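Numbered by the working numbering, the letters in the sequence shown go through residues 498 to 773 in order. Positions of the beta carbon are idealized from the N, C-alpha and C atoms, including for glycine. Since we're looking at a predicted model, the values are computed, not measured.
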Amino acid sequence: LGVTNFTLIQEKHKLAALFKGKSIAEQNSIVLAWDTLMEPRFYDLRRYIYSDPDELNSFRQLMVNTVLATDIFDKDLQALRKQRWNKAFNVEGCEPENHKENISQEDEINRKATIVMEHLIQASDVAHTMQHWHVYRKWNEKLFAEMTVAWQNGRTEKNPALGWYQGELGFLDNYVIPLAKKLKDCGVFGVSSDEYLNYAMENRREWAANGEDVLKEFIEKYQPEKSSSAPRRLESHSPMRSNSPNNRQSLEKVSRHGLEKLSPPLHNGPRRNSVM
């Protein structure tokens, strides 16, 4: 079961040290995904993704940017993405990038496409909030159950039930709905964007009206004893798949050389090659 990056830092988890406390779960996911992609069985897939070092570097950078975009609690990354979005779409009085920089129209299109893709994966990361109420409630419950287990096992100090109702309202108001509006404004989904925004706003209304009752059901199901006196079981859990020999080796290589130092196979036939 997973826990937040903040918890991993508090626990002084080895991954927190490895990634210097920045986007821990996200960077770990990048390592695991890249390690898997480099397996011999995916040789043909890699040939379709890139055919030369330039295409490899572009793909790698795009993957890193999009996965790191799901770390919504890193204020520096959030501010950078907002700034790039405003420049790309001339928001809040910002000039388009090609007015301030000597860049080609193709580069401007590519930059705009990159920032849009980052927002697309952000939407995918919270896709349940932009779907039918039953879908939203289902995955909201699963998150509550996961965080309750972490609390009961002593990995977090605060009962997730405390502030859950208000927290969801804040999350919908300050993150989900603005994100859905951005996707609508950029026009990449056409008329489908209206559906995502409408579902997000309807889920917000439904949660405001019935969220407290839903939360009571969650508590009765996952915290049958009084939250303040519920016993905590101290157990050792690893929130990420970090103990396999291959993954340890991959993490060590990333620690030594950084995420951007890569040398996957290009034209030498199928072979195992992790992040270099």
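Report the rounded CA-to-CA distance for residue 571 versus residue 520, giving the unit in angstroms. Along the sequence shown, one-based indexing puts residue 571 at 74. Along the sequence shown, one-based indexing puts residue 520 at 23. Each residue's Cα considered, the two are about 7 Å apart.
Measuring CB to CB, does residue 605 end up less than 8 Å from residue 566? Position 108 of the sequence shown, counting from 1, holds the residue named residue 605. Position 69 of the sequence shown, counting from 1, holds the residue named residue 566. No.
Whole angstroms is fine: what's the gap from residue 546's alpha carbon to residue 556's? The residue labelled residue 546 in the question sits at position 49 within the sequence shown. The residue labelled residue 556 in the question sits at position 59 within the sequence shown. Going from the Cα of residue 546 to the Cα of residue 556 covers about 8 Å.
Neighbour-count burial assignment, residue 441, 16 or more Cβ in a 10 Å radius: Outside the shown range of the chain (498 to 773) lies residue 441, about which nothing can therefore be said.
Kindly give me the distance between the Cβ atoms of residue 697 and residue 674, rounded to whole angstroms, as I take these residues to be in contact under 8 Å. In the sequence shown, residue 697 corresponds to position 200, counting from 1. In the sequence shown, residue 674 corresponds to position 177, counting from 1. Their Cβ separation, rounded to whole angstroms, is 5 Å, which keeps residue 697 and residue 674 in contact under 8 Å.
In angstroms, rounded to a whole number, what distance separates the CA positions of residue 467 and residue 699? Here the chain has residues from 498 to 773 only, and residue 467 is not among them.
Residue 510 in three-state terms, based on DSSP: For this step, residue 510 is matched to residue 13 along the sequence shown. In the structure shown, residue 510 sits in coil (DSSP, three-state: anything other than H, G, I, E or B).
So does the segment 576-583 actually touch the segment 611-625, counting three or more Cβ pairs closer than 8 Å? yes
Rounded to a whole number of angstroms, what is the C-alpha to C-alpha distance between residue 527 and residue 650? Translated into the one-based positions of the sequence shown, residue 527 becomes position 30. Translated into the one-based positions of the sequence shown, residue 650 becomes position 153. Those two C-alpha atoms are separated by around 27 Å.
Mind checking whether the beta-carbon of residue 556 lies closer than 7 Å to any heavy atom of the ligand GDP? Because no ligand of any kind appears in the structure shown, any question about the ligand GDP cannot be addressed here.
Hey, quick one: how far does the alpha helix (DSSP H) through residue 566 stretch, first residue to last? In the sequence shown, the residue the question calls residue 566 occupies position 69. Residue 566: not part of any alpha helix (DSSP H); DSSP gives it neither H nor E.
Check whether the segment 500-518 and the segment 532-543 touch, using three or more Cβ-Cβ pairs below 8 Å as the test. no
Apart from the five residues on each side of it in sequence, which residues of its chain come closer than 7 Å, Cβ to Cβ, to residue 574? Translated into the one-based positions of the sequence shown, residue 574 becomes position 77. For residue 574, where only same-chain residues beyond five positions count, the Cβ hits under 7 Å are 565, 568.
Can you find the residues in the same chain that come closer than 6 Å, C-beta to C-beta, to residue 693, ignoring five residues on each side of it along the sequence? Taking the first residue of the sequence shown as position 1, residue 693 is located at position 196. Excluding positions up to five away in sequence, the list reads 627, 677.
So within the segment 629-713, which uninterrupted alpha helix (DSSP H) runs reach at least 4 residues, ignoring any that extend past its ends? 630-649, 661-668, 674-683
What residue from 638, 717, 721, 652 has the CA that sits closest to residue 510's CA? Numbered from its first residue, the sequence shown carries residue 510 at position 13. It is 652.
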